[in-house]
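Q: Chains as they are written, first to last, in full-length UniProt numbering: chain L, 1 to 225; chain Z, 1 to 246.
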Amino acid sequence: MSGFFKSSIGRKYAMALSAFFLMFFLLQHLAINLLSVFSANAFNEASHFMGTFWAVQYVLQPVLIFGVIYHFVMGFILEIKNRNARAVKYAKNNGAANSSWMSRNMIYSGLAILAFLVLHFIDFWLPEINTKYIQGDMSGLLADGEGFRYYEELTHKFVSPIRVGAYIIAFVFLSLHLQHGFNSAFQSVGAPVGRKKVMKNIGKAYAILVPLGFVLIALYHHFNH
Amino acid sequence: MNLTLKIWRQADANDKGKMVDYKVTEISEHMSFLEMMDVLNEQLVNSGKEPVAFDHDCREGICGMCSMYINGEAHGPDRGVTTCQLHMRMFKDGDTITIEPFRAKAFPVIKDLVVDRSAFDRIQHAGGYISVNTSGNTQDANSIPISKHAADEAMDAATCIGCGACVASCKNASAMLFVGAKVSQYALLPQGQIEAADRVRNMVAQMDLEGFGNCTNTGACEVECPKGISLENIARMNRELLKANI
């Protein structure tokens, strides 16, 4: 089996499996963010649970970090290998005649997502790790001890129009990445999706609705706080 | 029609090569693209110049020899055709047409527009066949029941002529449509299933060894394939390789 993952097709499987995990993660992230629109309490409860439950913190979180790093590193390795497979470029190439812009530019949409993730880590993840594991405050409470801090922190972040603008741009790139990536992942694991319209439509819906959901939540908090 | 041609000229495998401009006049719209190239070459020979080297053989879309990357597409702008089946009516009077060889590290240029596609042969030798004892008591293939659906799919895969348009069109110079078709045409039939695991393992290993890129599912190969080989064949190859490794 180790030889399998060293082959070109094995690497496609590995990329697709990490993509499936990341797409599932995005869905649950969106579901929790959505709670913030309907109930500050529900959002606080869910965030506290995700932030303190051992299985999430010590099992799923490391898997997620590994999945993100693997997807990016393998994406870069494959891109370099693929570029090397054509040493002399065409003087004239009409890629638009046979493939979508999204499919030809996954590395660029991926790089934009990576840039956003770095910001997101600095914005959310590092302060969380600092509070919980360096300062040792696992209570999830505000400084004055009056209720949970998560909702306050979320709405505070979306006050800045620059941050919201960057957030929207990043999610446009995420949508472009997913518009090819969703069905590409299924094709890579051998699912015969090429001609199945239903799967293509599910992929398109996922690629548009999930990023749109994140953007609308950010805009909601921006204009309501 | 009168045309300007920008053609890749390269004396041999070691030459750096460059694009050279040519003019051709009074080209009939009923000519095939290769006939237009013949006119150019007659013109060059008559003026004592080296004709443009290009691959061709049957000139009826079966052999897969004619290649050429025309105006940024393998076999030119038409769909479901090889270069010999491409007609000059696809172009307009006064057009400038860019003609390049198929580009891939695994398809090195031999001369001008001729590339070495023997990497495909080596992949075929690695497993693109079935082993049959031909000692005299071979079973009649027609006596083995095969479903119509499987037979049709295997036949569709077998229509691949190994022209290399998939590699040329793929932004990664990947050969997975070709290998997928060759793996599929046997995997779908009972005669091919006995050696299926070794076949897919060996053919994929040879494909990787030849230096082709990896497939990122852009679908360009399927669009440019003169025989309409479907991406389903790549998905089937992926399944076959997983099955062979479990």
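Each residue gets a CB set at the ideal place from its N, CA and C atoms; glycine is no exception.
#1: For the 8 Å Cβ check, are there 3 or more pairs between the segment 88-98 of chain L and the segment 64-73 of chain Z?
#2: Jot down the residue ranges of each uninterrupted beta strand (DSSP E) in the segment 24-95 of chain Z, minimum 3 residues, whole runs only, in chain order.
#3: Of all the options 175/Z, 190/Z and 208/Z, which has the alpha carbon lying nearest to the alpha carbon of residue 229/Z?
#4: Which residues mark the beginning and the end of the beta strand (DSSP E) in which residue 6/Z is found?
#5: 7 Å is my cut-off, CB to CB: does residue 198/Z come that close to chain L?
#6: Along chain L, which residues have their Cβ under 9 Å away from the Cβ of residue 205/Z?
#7: I think residue 99/L touches residue 214/Z, with their Cβ atoms under 8 Å apart; what is that distance to the nearest whole Å?
#8: Please classify residue 218/Z as buried or exposed, where buried requires at least 16 neighbouring CB atoms within 10 angstroms.
#9: Less than 7 Å between the beta carbons of residue 164/L and residue 120/L, yes or no?
#10: Go ahead and label residue 225/L buried or exposed: buried means 16 or more other beta carbons lie within 10 angstroms of its beta carbon, across all protein chains shown.
#11: Since residue 54/Z and residue 114/Z are thought to touch, with beta carbons under 8 Å apart, how far apart are those beta carbons, to the nearest angstrom?
#12: What residues are listed by DSSP as bridge partners for residue 213/Z?
#13: Judging by CA-CA distance, which residue of 43/Z, 68/Z and 21/Z is the nearest neighbour of residue 224/Z?
#14: Okay, do the segment 180-193 of chain L and the segment 234-244 of chain Z touch, 3+ Cβ pairs below 8 Å being the bar?
#15: Under 8 Å Cβ-Cβ, which residues of chain Z neighbour residue 82/L?
#16: Which one of 172/L, 136/L and 55/L has the shortest CA to CA distance from residue 111/L?
#17: First and last residue of the alpha helix (DSSP H) that includes residue 111/Z?
#18: What is the residue span of the alpha helix (DSSP H) that residue 134/Z lies within?
#19: Return the Cβ separation of residue 104/Z and residue 212/Z in integer angstroms, given the expectation that the two are a contact with Cβ distance under 8 Å.
#20: Can you look up residue 53/L in the DSSP assignment and give me helix, strand or coil?
#21: Quick check: what's the CA-CA separation for residue 135/Z versus residue 101/Z?
#22: Determine the chain Z residues that contact residue 73/L at a beta-carbon separation under 9 Å, and present them in chain order.
#23: For the alpha helix (DSSP H) containing residue 11/L, name the first residue and the last one.
#24: Take residue 45/Z and list the residues in its own chain whose beta-carbon comes closer than 8 Å to its own, dropping the five residues that flank it on each side.
#25: Would you verify that the beta carbon of residue 187/L is, or is not, closer than 7 Å to some beta carbon of chain Z?
#26: Residue 87/L versus chain Z: which residues are under 7 Å apart at the beta carbon?
#27: Where residue 63/Z and residue 161/Z are concerned, what is the direct C-alpha to C-alpha distance, given to the nearest angstrom?
#28: Would a C-beta distance cut-off of 7 Å place residue 181/Z and residue 85/L closer than the cut-off?
#29: Against chain L, does residue 241/Z count as a neighbour if the rule is that its beta carbon must be under 7 Å from one of theirs?
#30: Roughly how many angstroms separate the alpha carbons of residue 149/L and residue 217/L, rounded to a whole number?
#31: At a CB-CB cut-off below 9 Å, which residues of chain L make contact with residue 220/Z?
#32: Just the C-alpha distance for residue 48/Z and residue 40/Z, rounded to the nearest angstrom, thanks.
#33: Kindly list the residues whose CB is nearer than 7 Å to the CB of residue 28/Z, restricted to its own chain and excluding five residues on each side of it in sequence; keep chain order.
#34: Could you name the residues of the segment 6-29 of chain L whose beta carbon sits closer than 8 Å to any beta carbon of chain Z, in the order they occur along the chain?
A: If we stick to the structure as given:
#1: yes
#2: none
#3: As a first step, residue 229/Z must be located in the second sequence, where it is residue number 229. When only C-alpha atoms are compared, the closest one is 175/Z.
#4: In the second sequence, the residue the question calls residue 6/Z occupies position 6. That run of the beta strand (DSSP E) goes 3-9.
#5: By 1-based counting over the second sequence, the position of residue 198/Z is 198. Not closer than 7 Å to any Cβ of chain L, the Cβ of residue 198/Z fails to qualify, so no.
#6: Counting from one through the second sequence, the residue named residue 205/Z turns up at place 205. Ordered by position in chain L, the residues that pass the 9 Å Cβ test against residue 205/Z are 3 and 7.
#7: On the first sequence, position 99 is the one that residue 99/L refers to. On the second sequence, position 214 is the one that residue 214/Z refers to. 15 Å between Cβ atoms; not a contact.
#8: Counted from its first residue, the second sequence places residue 218/Z at position 218. Classification of residue 218/Z: buried, given that the 10 Å Cβ count is 16 or more.
#9: Taking the first residue of the first sequence as 1, we reach residue 164/L at position 164. Taking the first residue of the first sequence as 1, we reach residue 120/L at position 120. No, Cβ-Cβ distance for residue 164/L and residue 120/L is not below 7 Å.
#10: Walking along the first sequence from the start, residue 225/L turns up at place 225. Classification for residue 225/L: exposed.
#11: Working through the second sequence from its first residue, we reach residue 54/Z at position 54. Working through the second sequence from its first residue, we reach residue 114/Z at position 114. Contact holds; Cβ gap of about 6 Å.
#12: One-based indexing of the second sequence puts residue 213/Z at position 213. In DSSP, residue 213/Z forms a bridge with 174/Z.
#13: On the second sequence, residue 224/Z is found 224 positions in, with the first residue counted as 1. When C-alpha distances from residue 224/Z are compared across 43/Z, 68/Z and 21/Z, the shortest belongs to 68/Z.
#14: Judged by Cβ distances under 8 Å, the segment 180-193 of chain L makes contact with the segment 234-244 of chain Z, as three or more pairs qualify.
#15: Translated into the one-based positions of the first sequence, residue 82/L becomes position 82. Going along chain Z in sequence order, the residues near residue 82/L (Cβ under 8 Å) are 171, 172, 173, 174, 213, 214 and 216.
#16: Here residue 111/L refers to the residue found at position 111 of the first sequence. If we check each option's Cα against that of residue 111/L, 172/L comes out closest.
#17: As a first step, residue 111/Z is located in the second sequence; it is residue number 111 there, counting from the start. From DSSP, residue 111/Z is part of no alpha helix (DSSP H) but of the beta strand (DSSP E) over 109-111.
#18: If you number the second sequence from 1, residue 134/Z lands on position 134. Counting along the chain, residue 134/Z falls outside any alpha helix (DSSP H), and DSSP gives it neither H nor E.
#19: Looking up residue 104/Z in the second sequence gives position 104. Looking up residue 212/Z in the second sequence gives position 212. So it is a contact: roughly 7 Å between Cβ atoms.
#20: Position 53 of the first sequence, counted from the first residue, corresponds to residue 53/L. When secondary structure is reduced to three states using DSSP, residue 53/L falls in the coil class, being assigned neither helix nor strand.
#21: Here residue 135/Z refers to the residue found at position 135 when the second sequence is read from its first residue. Here residue 101/Z refers to the residue found at position 101 when the second sequence is read from its first residue. Cα to Cα, residue 135/Z sits roughly 44 Å from residue 101/Z.
#22: Working through the first sequence from its first residue, we reach residue 73/L at position 73. Those within 9 Å of residue 73/L in chain Z number zero; the least Cβ separation is about 15 Å.
#23: Indexing the first sequence from 1 puts residue 11/L at position 11. Note, residue 11/L: alpha helix (DSSP H), 8-38.
#24: Stepping through the second sequence from its first residue, residue 45/Z is reached at position 45. The residues are 51.
#25: Within the first sequence, residue 187/L is the residue found at index 187, counting from 1. Chain Z contact via Cβ: present.
#26: Walking along the first sequence from the start, residue 87/L turns up at place 87. Near residue 87/L (Cβ distances below 7 Å), the residues of chain Z are 105.
#27: Start at 1 with the first residue of the second sequence, and residue 63/Z comes out as number 63. Start at 1 with the first residue of the second sequence, and residue 161/Z comes out as number 161. For residue 63/Z and residue 161/Z, the distance between alpha carbons rounds to 6 Å.
#28: Indexing the second sequence from 1 puts residue 181/Z at position 181. Indexing the first sequence from 1 puts residue 85/L at position 85. Their beta carbons are not under 7 Å apart, which means residue 181/Z does not touch residue 85/L by this criterion.
#29: The residue given as residue 241/Z occupies position 241 in the second sequence. So yes, residue 241/Z belongs to the interface.
#30: The residue given as residue 149/L occupies position 149 in the first sequence. The residue given as residue 217/L occupies position 217 in the first sequence. The straight-line gap from Cα to Cα measures roughly 18 Å.
#31: To locate residue 220/Z, count along the second sequence from 1; it is residue 220. Going along chain L in sequence order, the residues near residue 220/Z (Cβ under 9 Å) are 95, 97, 98, 99, 103 and 104.
#32: Counted from its first residue, the second sequence places residue 48/Z at position 48. Counted from its first residue, the second sequence places residue 40/Z at position 40. Roughly 12 Å separates the two Cα atoms.
#33: Walking along the second sequence from the start, residue 28/Z turns up at place 28. 88.
#34: 7, 8, 9, 10, 11, 12 and 13
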